[in-house]
Amino acid sequence: MTVKQMIENKRFLEDNEVITTDTEGIYMRDYQDTLVTREIPNHYGYYNDAGEYVENGTHTITHYRYAHNPMELYEANTNQPAVRLEDYEAPYFEQALYKGIPMRVRYNPTIRNMMKTGNFRIKYRGGSKPQYGFVRNQHNTLAEYADTFAIYPK
């Protein structure tokens, strides 16, 4: 289902069935549903926990899978009016250029044009969301569960 279809379908669902962030098109999911387990082969030997040498084995990792297509989100948010980033300038002594920008303008054309230059990066900010099972890591948060974001130079 594309972002446009999800936006159109959102009107027909009850509010308690669809959980949205401030960004049009990003739908929060239960954090446990976003985790994916993957087997990664390794082509070298190692000793396992039992002290046995394993010639070629695999490592199992569990990681978060981002389910949103940013290009579709930019397309769905093209009709937003230009955001004034001057309202979000960081103090002169900080590394960030802009901070405290709400997620509803993340896919604004102004932000997209900045990101297309390749000179900036985005860091997402927000607290834990226990109602979705998301416990924030100390040094970052995921875009899906963010409240605000900051723009830094590369």
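Quick note: the sequence shown, position 115, residue 103 per my numbering, numbers continuous. Where a beta carbon is used, it is the ideal one built from N, C-alpha and C, also for glycine. Keep in mind that this is a model prediction, so the values were computed, not measured.
For the alpha helix (DSSP H) that residue 61 lies in, which residues bound it at each end?
58 to 64 is the span of the alpha helix (DSSP H), which, as asked, contains residue 61.
Suppose the cutoff is 8 Å on Cβ atoms and the five residues either side in sequence are ignored; what does the same chain contact list for residue 34 look like?
Contacts found: 41, 42 and 45.
Rounded to the nearest angstrom, what separates residue 67 and residue 93 at their Cα positions?
Distance between the alpha carbons of residue 67 and residue 93: 11 Å.
Per DSSP, what are the beta-bridge partners of residue 111 in this structure?
Residue 111 pairs with 138.
By the 10 Å Cβ neighbour count, where 16 or more other Cβ atoms means buried, how is residue 134 classified, buried or exposed?
Buried: at least 16 other Cβ atoms inside 10 Å.
Run through the segment 17 to 57 for me and flag every whole beta strand (DSSP E) of 3 or more residues, listed as ranges in chain order.
The segment 17 to 57 contains these whole beta strand (DSSP E) runs: 23 to 30 and 45 to 52.
One question on the structure: do residue 25 and residue 48 come within less than 9 Å of each other, judged by their Cβ atoms?
Contact: yes.
For residue 118, name the three-state secondary structure that DSSP assigns.
The answer is helix: DSSP assigns residue 118 an H, G or I state.
Distance check for residue 36 and residue 91, CA to CA, integer angstroms please.
Rounded to whole angstroms, residue 91 to residue 36 spans 44 Å at the Cα level.
Which residues does DSSP pair with residue 90 in a beta bridge?
Residue 90 pairs with 136.
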